[in-house]
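Chains as they are written, first to last, in the working numbering: chain F, 22 to 373; chain R, 22 to 373.
Ideal placement from N, C-alpha and C gives every residue a C-beta, glycine not left out.
Here is the structure we will look at, set down as structure tokens.
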């Protein structure tokens with residue numbers, strides 16, 4: 022049986038539409054996996070997401086809209102209804118690819134279909150209690166650095182991005198750009214420091230996740246000229262922003278799990294300056310597609326020399342590592358390994 | 022087969038120990054049901070609660086301590102692990118009595134054992150989405166007033182309280198007492214108004230659930246003499262408090278679901294003045310064991326006349342309606358009805 026005729030369910034989160042209108046990293050990846058599988062000839066792919074989601078696969082949905090887009094919803098209510106809706110149909114699939122989070126794992130004792138969980142991030146150390154409680158299942162990490170030592174991972178599969186959304190910019194713009202969630206973890210406040218020390222203009226784009234942080238550490242510096250905040254950007258706006266970009270400042274203050282934004286910038290040929298924390302050194306080729314730094318001073322030095330890099334190498338690195346096709350091809354290998362192991366289990370069971 | 026040899030699992034919440042050290046209304050009821058079943062001769066009762074819980078039934082636990090007593094825990098993590106731990110053993114029981122909340126319902130499609138859910142309250146209208154999604158199961162309401170019109174209830178079973186914890190106080194104390202969560206819903210601020218208008222001392226006891234409410238509406242009035250706040254009380258402290266109590270002021274601002282506190286006060290022969298909202302008129306016999314009022318002025322009038330009531334009738338009303346034995350005897354009838362319906366289903370299935 023051709024592996025591509027296996028029946029695959031992709032379980033997406035229901036915080037946002039899949040794909041999201043603007044922000045929504047996990048929904049973006051869930052969409053990219055789904056569309057990538059269809060593009061690579063998989064015949065029976067079903068996306069479980071919100072009702073208004075858009076896909077070329079089959080869509081199955083119980084929840085009308087993302088709970089982040091409709092604040093009358095209690096997230097937990099939508100989450101557990103959505104997960105149960107998907108998993109009670111487990112028998113209709115050969116594999117469930119969970120891009121949700123830890124809650125679906127607690128339904129594992131009740132289903133026979135194997136589940137692959139891509140761990141998109143540990144939002145708190147406490148959620149490890151769930152992952153560690155279910156070790157007889159399949160896990161993928163999104164970078165080698167974002168791994169828990171106790172969990173049995175099958176592989177690391179880097180996130181892939183949709184290059185058709187991103188124009189290759191052969192010549193550099195003149196702005197420093199921060200792109201990401203407005204949250205201390207992502208270090209927009211450090212980008213402001215760097216911009217001031219370099220005397221360069223900075224554009225900050227992203228959804229505000231920590232209003233107090235924004236009000237106290239960013240807002241006092243925003244002047245609508247040298248330091249601008251333009252709110253969240255959708256893919257079209259983001260692509261236009263890269264035209265103006267000299268370099269992206271990704272001065273994360275905690276280990277990065279993957280860092281979609283870095284790959285997106287490089288796809289537009291924009292080099293990236295990132296803190297050497299977590300996965301950044303897996304995404305950026307240091308000294309070739311950007312620089313890894315350890316503090317603001319090093320970031321300022323990096324801005325000085327980043328113009329000398331060969332911008333073509335940025336796009337090239339993405340094409341060779343971080344496309345949807347690469348990601349899905351890597352997931353195909355993981356799926357194949359899961360089917361192999363499941364068949365082995367069945368043989369063992371039959372031999373008894 | 023004697024119904025009392027059926028295997029019953031009681032699923033308690035894991036916010037607090039079962040029974041709780043002080044506050045923890047749902048855990049209290051779960052404990053009372055469990056102990057009540059054992060006392061009435063049920064042979065095979067298993068309590069699913071935190072590991073440090075105390076029961077004369079069998080205890081099964083995965084979660085060490087209540088998440089409200091150990092703030093390093095993410096509640097959702099402990100909840101889903103606990104529920105999954107219980108329900109994956111569903112086949113070992115003839116009935117699962119869910120005292121948790123809505124999350125266990127989303128595991129219903131995966132288990133064959135019937136589940137009875139006592140709906141202890143609708144914390145938000147949005148959780149009705151879950152209850153309404155699972156109508157082919159069994160529900161009990163804790164008062165006739167706390168019902169959703171779309172749900173198929175088997176019965177109302179009033180909460181029962183442990184009379185052995187409560188001393189009958191033949192003579193009245195001289196304090197007004199507020200006992201309950203410090204939250205606008207429970208109306209401690211109205212109790213303060215009444216106390217000032219009556220020129221009587223007020224003791225406020227209970228866990229602070231809304232700190233801003235406490236700081237803004239209660240704290241300015243607390244003077245450690247005429248208006249005291251003594252924090253949360255455990256059953257022993259509560260019993261001592263009733264000795265000093267003239268009447269309990271229960272001036273809830275939203276419909277009461279049941280109102281354990283009113284029954285506990287009446288058990289000590291303390292009459293209660295309550296807002297005529299929700300279940301209060303089901304618990305209090307108006308004009309006999311307390312007064313139902315509609316506003317602060319009526320509450321002040323009620324304080325004036327409450328000394329004339331026959332305090333014996335308070336205890337009597339509890340003995341006749343709100344004991345653990347009454348509650349459990351009513352649950353026995355519900356269990357019996359469930360077993361009858363399940364047997365019918367099996368017969369129909371076998372007849373096909």
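Judged by DSSP secondary structure, residue 79/F falls within the beta strand (DSSP E) whose first and last residues are 79 to 81. Annotation for residue 57/F: the continuous alpha helix (DSSP H) segment containing it runs 46 to 60. Separation of residue 200/R and residue 303/F (C-alpha to C-alpha, rounded to the nearest whole angstrom) is 58 Å. Against chain R, a Cβ distance below 9 Å from residue 145/F picks out 95 and 98. For residue 288/F, the enclosing alpha helix (DSSP H) begins and ends at 281 to 288. Of all C-beta pairs linking the stretch 110 to 128 of chain F to the stretch 139 to 153 of chain F, three or more are shorter than 8 Å, placing the two stretches in contact. Contact between residue 229/F and residue 203/F holds: their C-beta atoms lie close to 4 Å from each other, under 8 Å. Per the coordinates, the alpha-carbon of residue 38/R lies some 21 Å from the alpha-carbon of residue 65/R. Interface criterion met: the Cβ of residue 150/R is under 9 Å from a Cβ in chain F.
The beta carbon of residue 52/F lies closer than 6 Å to those of 39 and 40 in the same chain, with the five residues before and after it left out.
Counting only the Cα atoms, residue 209/F lies some 9 Å from residue 235/F.
Put simply, the stretch 343 to 355 of chain F touches the stretch 52 to 61 of chain F. At least three CB pairs are less than 8 Å apart. The shortest CA-to-CA distance from residue 354/F to any of 175/F, 181/F and 324/F is the one to 175/F. Residue 68/F and residue 58/F have their C-alpha atoms roughly 11 Å apart. For the set 190/F, 301/F and 273/F, the Cα lying nearest the Cα of residue 264/F is the one of 190/F. Here residue 176/R carries a strand assignment [DSSP, helix/strand/coil]. Following the DSSP letters along the chain, one finds residue 150/R inside the alpha helix (DSSP H) bounded by residues 149 to 154. Per DSSP, the continuous alpha helix (DSSP H) segment holding residue 359/R begins and ends at 345 to 372. At a cut-off of 9 Å, the C-beta of residue 34/F has no neighbouring C-beta in chain R.
With its beta carbon less than 9 Å from one in chain F, residue 154/R belongs to the interface.
Under the criterion of beta carbons closer than 8 Å, residue 298/F and residue 277/F qualify as touching, at roughly 6 Å. Within a 10 Å sphere around the beta-carbon of residue 192/F sit fewer than 16 other beta-carbons, which makes this residue exposed. Bridge pairing for residue 249/F: 224/F [DSSP].
Partner residues in the beta bridge of residue 307/F, as assigned by DSSP, are 311/F. Counting of Cβ neighbours within 10 angstroms places residue 284/F among the buried residues, the total reaching 16 or more.
Residue 321/F and residue 220/F have their C-alpha atoms some 10 Å from each other. Using a Cβ-Cβ cut-off of 9 Å, residue 172/R is close to nothing in chain F; its nearest Cβ partner there is about 16 Å away.
With a contact defined as Cβ atoms closer than 8 Å, residue 172/R and residue 160/R qualify at about 5 Å.
From the beta-carbon of residue 101/R, the residues of chain F found nearer than 8 Å are 123, 124, 127 and 151. The Cβ atoms of residue 198/R and residue 288/R lie no closer than 9 Å to each other. With respect to the C-alpha of residue 168/R, the residue from 207/R, 365/R and 144/R having the closest C-alpha is 144/R.
At least one beta carbon of chain F lies nearer than 9 Å to the beta carbon of residue 132/R. Taking CB atoms only, residue 104/R has a neighbour in chain F less than 9 Å away. Along the stretch 239 to 255 of chain F, none of the residues has a CB nearer than 7 Å to a CB of chain R. The beta carbon of residue 46/F sits closer than 8 Å to the beta carbons of 141 and 281 from its chain, once the five residues preceding and following it are set aside; these are given in chain order. Proximity of residue 109/R to chain F, defined by a Cβ-Cβ separation below 9 Å, is satisfied.
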